[in-house]
Amino acid sequence: MPSVYIKTYGCQMNERDSEAVAAQLVARGYALAASEHLADVVLINTCSVRDLAEQKALRKMSAVIGQGRKERPDQIYGFMGCMAQSRGQSLLDQMPDVDLVLGTQKFHRAADHIEDIRAGRRRSIVDVAEEEDSEARIREHILPGNGEKAVTAFVSIMQGCNQHCTFCIVPFTRGAERSRTIPDIVAECRELSARGVKEITLLGQIVTSYGKREVPVRDGKSAFVQLVEAVHEVEGLERIRFTSPHPKGYGDDLVEAYQRLPKLVESAHLPVQSGSDRILKAMHRGYTRERFVELVGKLRAANSGMGVSTDLIVGFPGETEDDFEQTLSLSREVEFDLAFVFKYSPRKDTPAAGYPDAVPETVIEERHQRLLGLINEIAAGKYQRHVGRTVEILVEGVSRKNPARYEGRTRCNKIVVFPGSERHRGQLLDVRIERIGTFTLYGDPAIVE
Ligand code: SF4
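Going by the numbering used here, 1130 is the number at position 122 of the sequence shown; the sequence numbering is gapless.
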């Protein structure tokens, strides 16, 4: 039986794409290898959002090939995803040992191409062309085997993005927005529920733009809210999440859905990127700080337990100390439960890469540290407020931090570690919070039963 190892960099979309490729290969008789040393085929699913991620993937492939050529001369190597899309043939020119370069609209072709290469029908393949209906091809799942219950799953609802934020390479690597149909997505959710999945995360680069061109607004409800309502009807599902929405697409119909749809958990990932209106405008984000704060207020009014997380960029070209101070003050004002803080990285073909007034690396580093410190301080305070409370968690399985424990997530998306057992997997449990760790809550064993 041939085997495949897939290394994934980047976002949840990439994780989902890798899962679909793995499922496709398993259906063709491949085993999933535990490491690149044991695999006949090594695929690296790449991310282009920051230069660092691209360099990591290139270094990883060099190391894999260097070792693999000694240990397994017939090993096959492939790049997939965003960097494969943006660099195409040049990856083969740079690394002639690579056999396959597979773009973001071609994941469903992975097994065919690998078979052609293994059978010697083609020496190497670069496939980065656009493909109609590619958004509907990320469908297959790898759910746990060995009698383990599946609990959560990601469902890709769309591909691409039309927003063209000036720092972002995604519209170039993933193309324009294309949405799957509601019945197709619901059918996938039903299949997952029948296999035991309790929580679905609807996934897209900009889910609030879902179906904008294809599905008309009905009774004041956007296409995305209509989709959430349809998924809410799926029997057996307990929870629905989604990521990532865009603050400007977050209408009142979506805010109101949190009050109406009990399976839609009170958690919102709202990428704000900056607290300065001047920088938001230069980023082409399409909202102001005031509008963002107002949105968070509406969400917390809809549900006071709403967990709010965000993405922030420091060092965007032209960011002054005053702009940065506004990001700090926004973070204090909103009190994010969690924030992913990124250093600005210029990307090829994006408008911001040509903007003047680049912020020096040392300043970016210093702002990054300052903002991280503040985010951690705020989050610790918010986590601390859970101590002594009883929260509902969905038990996902063995804890990633401590294999002797189990873990689940609160509705507001906080990880809770507790001394559970296998029979708790997939259950909704009330757990009393005893103490906190870094972005983790710890539950009391006495209350678990
Ligand atoms: S909304 Fe902006 S940051 Fe998000 S994927 Fe689209 S272009 Fe990139």
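For glycine and all other residues, C-beta sits at the position ideal for the given N, C-alpha and C.
{"query": "Within the chosen definition, does the stretch 1219 to 1230 reach the stretch 1365 to 1383 through at least 3 CB pairs nearer than 8 Å?", "result": "no"}
{"query": "How is the alpha helix (DSSP H) around serine 1070 delimited, first residue to last?", "result": "1059 to 1079"}
{"query": "Does the ligand SF4 have a heavy atom nearer than 7 Å to the CB of valine 1178?", "result": "yes"}
{"query": "Do the CB positions of isoleucine 1287 and histidine 1254 come within less than 8 Å of each other?", "result": "no"}
{"query": "Assign histidine 1172 to one of two classes, buried (16 or more other C-beta atoms within 10 Å of its C-beta) or exposed (fewer than that).", "result": "exposed"}
{"query": "Going by alpha carbons, who is nearest to leucine 1346 out of Asn1410, Leu1278 and Pro1364?", "result": "Leu1278"}
{"query": "On the DSSP letters alone, give me the boundaries of the beta strand (DSSP E) that phenylalanine 1180 sits inside.", "result": "Here phenylalanine 1180 belongs to no beta strand (DSSP E); instead the alpha helix (DSSP H) covers 1178 to 1181."}
{"query": "Buried or exposed: where does glutamate 1457 fall if 16 or more other Cβ atoms within 10 Å of its Cβ makes it buried?", "result": "Note that glutamate 1457 has pLDDT 47, beneath the 50 cutoff, so the model's placement of it is unreliable and the number below is only indicative. Glutamate 1457 is exposed by the Cβ-count criterion."}
{"query": "Indicate whether the contact test is met: 3 or more Cβ pairs, each with one atom in the stretch 1238 to 1247 and one in the stretch 1173 to 1184, closer than 8 Å.", "result": "no"}
{"query": "When the Cα atoms are used, what is the spatial distance from isoleucine 1444 to cysteine 1169?", "result": "37 Å"}
{"query": "When burial is assigned at 16 or more other CB atoms within 10 Å of the CB, is glutamate 975 buried or exposed?", "result": "Residue 975 is absent from the model: the chain starts at 1009 and stops at 1457."}
{"query": "Per DSSP, what are the beta-bridge partners of glutamate 1264 in this structure?", "result": "None, per the DSSP bridge assignment."}
{"query": "Roughly how many angstroms lie between the CA atoms of valine 1134 and isoleucine 1052, to the nearest whole one?", "result": "14 Å"}
{"query": "What separation, rounded to the nearest whole angstrom, lies between the Cα atoms of leucine 1099 and glycine 1111?", "result": "12 Å"}
{"query": "So which of Val1304, Gly1183 and Ser1026 has the shortest CA-CA distance to valine 1316?", "result": "Val1304"}
{"query": "Are the stretch 1393 to 1403 and the stretch 1436 to 1452 touching, with three or more C-beta to C-beta distances below 8 Å?", "result": "yes"}
{"query": "Just the Cα atoms here: how many angstroms apart are threonine 1358 and alanine 1387?", "result": "33 Å"}
{"query": "Out of Gly1326, Glu1400 and Gln1167, which one is the CA nearest neighbour of alanine 1364?", "result": "The sequence shown places proline at residue 1364, not alanine. Of the listed residues, the one whose Cα sits closest to proline 1364 is Gly1326."}
{"query": "May I ask you to check if the CB of histidine 1149 is nearer than 7 Å to at least one heavy atom of the ligand SF4?", "result": "no"}
{"query": "So what's lysine 1220 in DSSP terms, helix, strand or just coil?", "result": "coil"}
{"query": "Could you check whether valine 1034 and isoleucine 1466 sit closer than 8 Å to each other, using their CB atoms as the reference points?", "result": "This structure leaves residue 1466 out entirely; the chain is present only between 1009 and 1457."}
{"query": "Pop quiz: arginine 1198 and alanine 1144 are said to be a contact at Cβ under 8 Å. What is the actual Cβ separation, rounded to whole angstroms?", "result": "Not quite, the Cβ-Cβ distance comes to about 16 Å (not below 8 Å), so this is no contact."}
{"query": "Give every residue of the same chain whose Cβ lies closer than 7 Å to the Cβ of glutamate 1274, excluding the five residues on either side of it in the sequence, and list them in chain order.", "result": "Tyr1266, Asn1311, Gly1313, Met1314, Gly1315, Arg1419 and Cys1420"}
{"query": "So is the beta-carbon of isoleucine 1190 under 7 Å away from any non-hydrogen atom of the ligand SF4?", "result": "no"}
{"query": "Relative to the alpha-carbon of valine 1406, which residue among Val1399, Glu1415 and Ala1161 has its alpha-carbon at the smallest distance?", "result": "Glu1415"}
{"query": "Could you check the C-alpha separation between valine 1349 and asparagine 1410 for me, to the nearest Å?", "result": "26 Å"}
{"query": "Tell me the DSSP secondary structure of serine 1142 in three-state form.", "result": "helix"}
{"query": "Beta-carbon separation of leucine 1040 and valine 1057 under 8 Å?", "result": "no"}
{"query": "Would you say phenylalanine 1300 and valine 1280 are within 8 Å of each other, going by their C-beta atoms?", "result": "yes"}
{"query": "Could you check if isoleucine 1214 belongs to the surroundings of the ligand SF4, using beta carbon to heavy atom distance under 7 Å?", "result": "yes"}
{"query": "Shorter than 7 Å, the distance from the beta carbon of cysteine 1169 to the closest heavy atom of the ligand SF4, or not?", "result": "yes"}
{"query": "According to DSSP, is alanine 1041 part of a helix, a strand, or is it coil?", "result": "coil"}
{"query": "Using the Cα positions of aspartate 969 and serine 1164, report the straight-line distance between them to the nearest angstrom.", "result": "The chain is shown only over 1009 to 1457; residue 969 falls outside these bounds and no answer can be derived."}
{"query": "Please work out which residues of its chain come closer than 7 Å, Cβ to Cβ, to lysine 1068, disregarding the five sequence neighbours upstream and downstream, and give them in chain order.", "result": "Lys1015 and Ile1052"}
{"query": "Buried or exposed for leucine 1097, please, with buried defined as at least 16 other CB atoms from any protein chain shown within 10 angstroms of its CB.", "result": "Checking the displayed sequence, the identity of residue 1097 turns out to be glutamine instead of leucine. Classification for glutamine 1097: exposed."}
{"query": "Could you tell me the alpha carbon to alpha carbon distance between glutamine 1063 and threonine 1054, rounded to whole angstroms?", "result": "10 Å"}
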